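What follows is a short report on a single structure.
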Amino acid sequence: MNTTPKLQPRRSPEPGRPFVNRGRELKLVRDKLDIGMQGKSMPSTVTCFWGAFGMGKSWLLLELERRYRHAGLKGVGSHPTIAARLDLNREILPSLWQDEQLNREQLIRELWKQLASQLETDVPDSGRASADEWAEAFMNEVTVWSVQSATPLIMLDTVDDLVKLDESTFFWLEQHLVERLALTNRVLFIFASRGELRRWRRFQVRRRVDSYRLTAFDAKTAGEEVGANPDVSQVLFRHAFGHPLVTEYLGTVLEKQGVDLQKAERVERLVEPSLAQAVLGEVMTKILEKVPELPAKLARYTSVLRWVSVEPLRFLAESLDLSEHGRGDAYYLDRIGELQAHHLLYWNSNKNSYEPDPVLRRLLAYFLQLEEPARFCKAHLAVFDFHRGHLSEYPQYLARYVPELAYHRAILERCELLELQPPTIQAWWEQFLSEKAPISREPWAELVKALEQDKELQDVSPIEDYDRLYSEAKKRAIGMTG
């Protein structure tokens, strides 16, 4: 019987877990506050941390709150910090919401209460004041504090919930609170969301915004998160790919089964496939719980795609019978928009395509492999065929298609359920070179760069296959002209 506990909503790891990593983010906040605590103007007073589900955004804000509440910083500089933090997730703080609208007055009162308590003062009774009047009074009071005695830090978590459910209140906050306090350069705002916040309308806010994406941990840091020894850390990393929440959840499940993560030996079978499937099943439920049925289904299968546009999405959906055949571009652009709206795809301006978060993609694909191995293999085969066909048609786009072909062929090598394997990399490559290889240098130079930067391909591809592609691309990039 599966005894894996339910993944409960959480904003931080289990009690007693150490705060790890995020040194860059902690330093950039500290550098700004160091300036503010000297009574000087801070740069870029609107800081946004963003990243996929479970990447540790809330954990980071909780750590910043712990460090910068006034009680711990008395006597530091002329303007010690005071900090207020609110999570706008309706499940976490339902008292702030009424139906699908944020209670603006309650939000201001709660921020005021948190800051005032650190200065041993009270929130005034404003009677039947409107939300605008509350915001005006709060802004004036915080401005006085920032000039006379303190460096306020105001943090709002899960801001994407606010943007999605009550966009008018997001813009109201920007106009009545964020812009006016940011203009002082003495109050630091920190926002956290799954997607990058780009909706700012006010010029004085936009020019003060800096944005940072939170990424997954390496194996060593992931192990430190749960207090695991190096061997256990590597095992956890193979199943969680450095995703902070999945690592913590998997570590907690093992501990509840009596495993000492620090002392465990013979760890090869520490995480059985059934346990990984159960743990990932809980995580997938949380990731997709608010996603409509069709985009949720697409998200599961598009996890085999490392980049997404209309053509590969349509090819994959039709190959797996996920949608009717012959649908036009508009249909798939709508599906991509749905996936993006739920932060399952992000736009990569450098590659002119959408991409899933790399670690979230690997988790979704791993769960698909465990739950539906035959469909997992069929999906990779479909994508391999798509890239092979497009490279044959557009051979000048080596950097776009060759790494994908090599990646999917490496995955297919492990698919024992396929009755007929596609051509080996060696066979396909030799045929391509003899029939379709570009004669100009530029496509080969681009391919060399793409292969050098593709760490995921280097990890999964047999070394002889990778070397075969790289050495030939390098030779042609050097030896050709024009």
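Under the working numbering, the residues of the sequence shown are numbered 1027 to 1508, in order.
Built from N, CA and C at the ideal position, the CB exists for glycine as well.
Nothing here was measured: the structure is a model prediction, and the numbers come from that model.
Can you tell which of the options has its C-alpha closest to the C-alpha of residue i?
| i | options | result |
| --- | --- | --- |
| Y1492 | A1503, G1505, I1504, A1476 | A1476 |
| H1265 | Y1238, E1294, K1481, D1480 | E1294 |
| F1196 | L1128, A1503, Y1327 | L1128 |
| M1165 | L1199, S1175, K1190, V1334 | L1199 |
| P992 | E1439, L1459, P1256 | With the chain running from 1027 to 1508 in the structure shown, residue 992 is simply not present. |
| E1337 | L1141, H1413, R1092, H1406 | H1413 |
| K1190 | K1500, N1378, Q1366 | Q1366 |
| E1381 | L1114, L1331, V1168 | L1331 |
| L1052 | A1078, G1082, R1043, K1066 | G1082 |
| V1486 | R1401, R1388, P1448, A1503 | R1388 |
| Y1427 | Y1372, L1280, D1480 | D1480 |
| T1210 | R1220, V1231, W1226 | V1231 |
| T1177 | Q1144, R1224, E1478 | Q1144 |
| P1106 | L1141, L1122, G1077 | L1141 |
| H1406 | V1258, M1063, E1439 | E1439 |
| L1446 | W1470, A1408, S1466 | A1408 |
| M1068 | L1054, G1080, W1076 | L1054 |
Terminal residues of the continuous beta strand (DSSP E) containing residue i?
| i | result |
| --- | --- |
| P1178 | 1177–1183 |
| F1215 | 1214–1219 |
| L1332 | Checking the displayed sequence, the identity of residue 1332 turns out to be Arg instead of Leu. R1332 -> no beta strand (DSSP E), and no H or E assigned at all. |
| I1134 | It is not in any beta strand (DSSP E) - I1134 instead sits in the alpha helix (DSSP H) that spans 1130–1144. |
| W1373 | 1372–1374 |
| Y1380 | 1379–1381 |
Taking its Cβ as the centre, do 16 or more other Cβ atoms sit within 10 Å of residue i, making it buried, or is it exposed?
| i | result |
| --- | --- |
| L1188 | buried |
| R1392 | It should be noted that the sequence gives Tyr, not Arg, for residue 1392. Buried, because 16 or more other Cβ atoms sit within 10 Å of the Cβ of Y1392. |
| A1453 | exposed |
| E1146 | exposed |
| I1510 | Any property of residue 1510 remains undetermined from this structure, which presents the chain solely from 1027 to 1508. |
| I1180 | buried |
| K1289 | exposed |
| I1216 | buried |
| A1248 | buried |
| F1410 | buried |
| S1375 | exposed |
| F1229 | exposed |
| G1098 | Model confidence at G1098 stands at a pLDDT of 47, short of 50, so the residue's coordinates are unreliable and nothing is read from them. |
| I1108 | buried |
| I1504 | exposed |
| D1183 | buried |
| P1256 | exposed |
| E1117 | exposed |
| E1251 | buried |
What are the boundary residues of the alpha helix (DSSP H) that residue i is part of?
| i | result |
| --- | --- |
| T1247 | 1245–1252 |
| Y1357 | 1355–1367 |
| E1445 | Looking at the DSSP string, E1445 is not in any alpha helix (DSSP H), and its letter there is neither H nor E. |
| V1173 | 1157–1174 |
| S1497 | 1489–1505 |
| S1259 | 1256–1266 |
DSSP puts residue i in a beta bridge; with which residues?
| i | result |
| --- | --- |
| A1110 | I1180 |
| D1236 | T1073 |
| Q1127 | Q1124 |
With a threshold of 7 Å, establish whether the CB of residue i neighbours any heavy atom of the ligand SAH.
| i | result |
| --- | --- |
| R1135 | In terms of ligand content, the structure shown is empty, and the ligand SAH therefore cannot be addressed. |
(request) Note down, one range per segment and in chain order, each alpha helix (DSSP H) of at least 4 residues found wholly within the region 1277–1314. (result) Listed in chain order, they are 1299–1314.
(request) Note down, one range per segment and in chain order, each alpha helix (DSSP H) of at least 4 residues found wholly within the region 1042–1073. (result) Counting whole runs of 4 or more residues, the region 1042–1073 contains the alpha helix (DSSP H) stretches 1049–1062.
(request) Just list the alpha helix (DSSP H) runs in the region 1411–1481, keeping only unbroken ones of 4 residues or longer that don't cross its boundaries, in chain order. (result) Taking 4 residues as the minimum length, the alpha helix (DSSP H) runs contained wholly in the region 1411–1481 are 1424–1438, 1451–1461, 1467–1479, in order along the chain.
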